[in-house]
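J.: One structure follows; several queries about it will come next.
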Amino acid sequence: MTDLFITPMGPLGQWDQLSENEKAWIEFIRVISAGRDPKITPERVRKLRELLDAG
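For the sequence shown, this note's numbering begins at 778 and goes up steadily by one.
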């Protein structure tokens, strides 16, 4: 696996303009990161993939 990744881009705007799926993913990331909005790094992307694949 490579350390090169593309940061996903979503719609810009208010919370109420996001889809339910986008809101769910944001909440999921906040739950597993103790309420923070962590900076995206290759290491964190790898760890998230491992976590999701383990389930």
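We put the CB at the ideal spot given by N, CA and C, even for glycine. Just so you know, these numbers come straight off a predicted model, no measurement behind them.
Ends of the alpha helix (DSSP H) at residue 824?
T.: One-based indexing of the sequence shown puts residue 824 at position 47. Residue 824 -> alpha helix (DSSP H) spans 819-831.
J.: Could you spell out where the alpha helix (DSSP H) holding residue 800 opens and where it closes?
T.: Locating residue 800 in the sequence shown gives position 23, counting from the first residue. Looking at the DSSP string, the run of the alpha helix (DSSP H) that includes residue 800 is 797-809.
J.: Between the C-alpha atoms of residue 816 and residue 797, what's the straight-line distance to the nearest angstrom?
T.: Against the sequence shown, residue 816 aligns to sequence position 39. Against the sequence shown, residue 797 aligns to sequence position 20. Cα to Cα, residue 816 sits roughly 23 Å from residue 797.
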